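J.: One structure, as structure tokens, below. Some questions next.
Right, here's the structure in full:
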């Protein structure tokens, strides 16, 4: 639990193709939780869940969620693939998960549209009735949102508007390119 972040990353990269992705994710999560608890001991005012998320952010693109047997994890992950096969992933945080999943499924086979600073898919759906669980943070570069036209969009944090509904904090592989067509997928058990 006390190994360095670089060592954890090296292990995750080494076993990236392993069919035991659930176990790998659980181990990384326990490591991140341990790191968060240590940081919280130094500053009691820190939010434990936020620290865990920050510790996990770097590892999310490396985990193959689609290979996991853990339905709990799979049914909440959104994956976006760019024109070069680079991946962006995030965990959807919304009380109306089925609605979001259905919206993603409805545009899954459609390429995205592109505009300055973001990609989007036409959904024109009503926004969820409850306030978003997420709050914009400067440490997160990308967000999955419903934009002001009620379309699904992935947008850079500097381009977020107050009326966008935040659905997920997204993490992209190095070289992820939003300037072309991207595919979106909601990963969950069959």
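Numbering (my numbering), first residue to last: 1299 to 1488.
The beta-carbon is built from N, C-alpha and C at its ideal position, and this holds for glycine as well.
Since the model is a prediction, treat every value here as computed from it, not as a measurement.
Can you check which of these residues, 1478, 1316, 1442 and 1472, is closest to residue 1463 by C-alpha distance?
T.: For this step, residue 1463 is matched to residue 165 along the chain shown. With distances taken between Cα atoms, residue 1463 lies closest to 1442.
J.: Decide if the region 1343 to 1359 is in contact with the region 1379 to 1392; the criterion is three or more beta carbon pairs, one per stretch, under 8 Å apart.
T.: yes
J.: If contact is defined by three or more beta carbon pairs under 8 Å, each pair taking one atom from either stretch, is the region 1455 to 1471 in contact with the region 1426 to 1442?
T.: yes
J.: With respect to the alpha helix (DSSP H) encompassing residue 1387, which residues constitute its N-terminal and C-terminal limits?
T.: Taking the first residue of the chain shown as position 1, residue 1387 is located at position 89. No alpha helix (DSSP H) contains residue 1387, which is instead part of the beta strand (DSSP E) from 1385 to 1390.
J.: Please classify residue 1281 as buried or exposed, where buried requires at least 16 neighbouring CB atoms within 10 angstroms.
T.: Absent from the structure is residue 1281, since the part of the chain shown begins at 1299 and ends at 1488.
J.: Cα-Cα, which of 1426, 1383 and 1354 is closest to residue 1401?
T.: In the chain shown, counting from the first residue as 1, residue 1401 sits at position 103. When each option's Cα is compared against that of residue 1401, the closest is 1426.
J.: Is DSSP giving residue 1456 helix, strand or coil here?
T.: Position 158 of the chain shown, counted from the first residue, corresponds to residue 1456. If DSSP states are grouped into helix, strand and coil, residue 1456 belongs with the helices.
J.: Could you check which residue in 1384, 1448, 1411 and 1417 has the C-alpha nearest to that of residue 1397?
T.: As a position in the chain shown, residue 1397 is number 99, starting the count at 1. The option with the nearest alpha carbon to residue 1397 is 1448.
J.: Who are the Cβ neighbours of residue 1323 in its own chain at under 6 Å, not counting the five residues just before and after it?
T.: By 1-based counting over the chain shown, the position of residue 1323 is 25. So the list reads 1361, once near-sequence residues are dropped.
J.: Would you give the residue range spanned by the beta strand (DSSP E) that residue 1467 belongs to?
T.: Stepping through the chain shown from its first residue, residue 1467 is reached at position 169. Run containing residue 1467: 1463 to 1470, per the beta strand (DSSP E) assignment.
J.: For the alpha helix (DSSP H) that residue 1337 lies in, which residues bound it at each end?
T.: What you label residue 1337 is simply residue 39 of the chain shown in a count that begins at 1. First-last of the alpha helix (DSSP H) with residue 1337: 1319 to 1340.
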